[in-house]
Every structure is written in C-alpha cells, then in structure tokens.
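Peer 1: If you scroll down you'll find the structure; I have some questions about it.
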Amino acid sequence: MSMKLEIKCFATLASQAPTNGVLEMPAKSTVMHVMKQLQINPDEVKIIFVNGLHADADTVLKDGDRVGLFPPVGGG
Numbered sequence: 014m015s016m017k018l019e020i021k022c023f024a025t026l027a028s029q030a031p032t033n034g035v036l037e038m039p040a041k042s043t044v045m046h047v048m049k050q051l052q053i054n055p056d057e058v059k060i061i062f063v064n065g066l067h068a069d070a071d072t073v074l075k076d077g078d079r080v081g082l083f084p085p086v087g088g089g
C-alpha cells in the first residue's frame with residue numbers, strides 16, 4: 014500500500030523537490046525515507062515540518078501529509 018505526500022523543499026534544497034510537488038511512498042515511511050528517496054543528505058536538513066508542525070527525521074508519515082524541508086539558514 015502506498016501513500017501520496019506533498020513535498021516542499023526550500024532554499025538550497027529546492028532543486029531536489031519532486032517536479033509536481035507530490036511524492037508516492039510506501040505506507041509507514043518516515044521523513045528519513047523521503048530524504049533518501051529524494052537523494053537529500055540528512056545533514057543538509059536543519060528544520061522539518063509535517064502538516065505545519067515541527068517534526069524530526071523519524072516521524073512516520075501518512076497519506077496526504079505535507080512535508081517541508083529547510084536547510085540551515087545563513088545571513089549577515
């Protein structure tokens with residue numbers, strides 16, 4: 014059984030987001046599984062949101078979840 018997730022990657026991660034913003038994954042996948050599928054190094058992800066709430070790489074996802082991945086932010 015699979016699920017569809019809405020994926021948004023921000024800033025330097027944007028080029029690794031799915032083209033249509035949707036990723037199909039096996040049921041009970043975690044955020045870490047999503048990062049591996051998108052070939053995103055977990056060390057490049059500083060902040061994770063699932064459905065607008067702070068989450069971590071071990072968060073188990075469900076069909077229709079919205080995942081946001083943010084890199085570390087620099088500035089000056």
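In my numbering, the protein residues as written are 14 to 89. For each residue, glycine too, the CB sits at the ideal point set by N, CA and C.
So, under 8 Å CB-CB, residue 58 and residue 20 are touching, yes? Tell me the CB distance rounded to an integer number of Å.
Peer 2: Numbered from 1 along the sequence shown, position 45 holds the residue referred to as residue 58. Numbered from 1 along the sequence shown, position 7 holds the residue referred to as residue 20. Incorrect: roughly 12 Å between the Cβ atoms, too far for contact.
Peer 1: Assign residue 14 to buried or exposed, taking buried as 16 or more other Cβ atoms, counted over all protein chains shown, within 10 Å of its Cβ.
Peer 2: For the purposes of this step, residue 14 is taken as the residue at position 1 of the sequence shown. So residue 14 ends up on the exposed side.
Peer 1: Given a cut-off of 8 Å on the beta-carbon distance, is the pair residue 63 and residue 44 in contact?
Peer 2: Numbered from its first residue, the sequence shown carries residue 63 at position 50. Numbered from its first residue, the sequence shown carries residue 44 at position 31. Yes.
Peer 1: For residue 28, count neighbouring C-beta atoms within 10 Å of its own C-beta (all shown protein chains included) and say buried if the count is 16 or more, exposed if not.
Peer 2: Mapped onto the sequence shown, residue 28 falls at position 15. Exposed.
Peer 1: Counting only C-beta atoms, is residue 26 closer than 8 Å to chain C at any point?
Peer 2: The question asks about chain C, but that chain is absent: this structure has only one protein chain.
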